[in-house]
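Worksheet for the structure shown next.
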């Protein structure tokens, strides 16, 4: 087995191509107008406009009505079902257990149990909220919420 030296590492053959040198004469294929075409704002040095500019016409993002709101912390909260709790093999459940089981994402901080499915075994929830119906179902099965 040969050991590669740092000073011998090179890109694969054909991986690097020389940069295109525009405006360097007729022989380059990109002389004279340098691929910018003739006249107009886009052909001039420094001649460009901001993103969304429509030549003075009211831009699309200002013509359309603004509606709704996306909360910034939406990836921090998650919901789980009673049937998910029923399927878990552990009795004491907190956010870390749910992450380890893959029921909620790694960034989640707040979890709420909703009343979907059924639960028939005793579980103890720590640091997890529940809707009124889910709380009643958990307590009816002998479980608790802390």
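Residue numbers (our numbering): 64 to 209. Quick reminder that beta carbons are idealized off the backbone N, C-alpha and C, glycines included.
Scanning 125, 189, 204 for the CA closest to the CA of residue 181 turns up 204. Proximity of the region 157-177 to the region 111-125 falls short of the contact definition, fewer than three beta-carbon pairs being nearer than 8 Å.
The three-state secondary structure of residue 107, taken from DSSP, is coil.
In this structure, the CA atom of residue 77 is about 50 Å from the CA atom of residue 160.
Where residue 160 is concerned, there is no enclosing beta strand (DSSP E), although the alpha helix (DSSP H) around it starts and stops at 158-164.
Counted as a single uninterrupted DSSP element, the stretch harbouring residue 125 is not any beta strand (DSSP E) but the alpha helix (DSSP H) occupying residues 123-126.
Here the alpha carbons of residue 129 and residue 123 stand approximately 11 Å from one another. Taken through DSSP and simplified to helix, strand or coil, residue 144 comes out as strand. In this structure, residue 206 places its C-beta atom within 9 Å of the C-beta atom of residue 188. Around residue 98, the same chain offers 85 as residues with beta carbons nearer than 7 Å, after the five sequence neighbours per side are excluded.
For residue 142, the closest alpha carbon among the candidates 167, 190, 162 is that of 167.
At the C-beta level, residue 93 and residue 83 come within 9 Å of one another. For residue 178, the closest of 133, 148, 162, 154 by C-alpha to C-alpha distance is 148.
Closest in C-alpha terms to residue 184, from the list 87, 107, 155, comes 155. Around the C-beta of residue 186, 16 or more other C-beta atoms lie within 10 Å, and the residue is accordingly described as buried.
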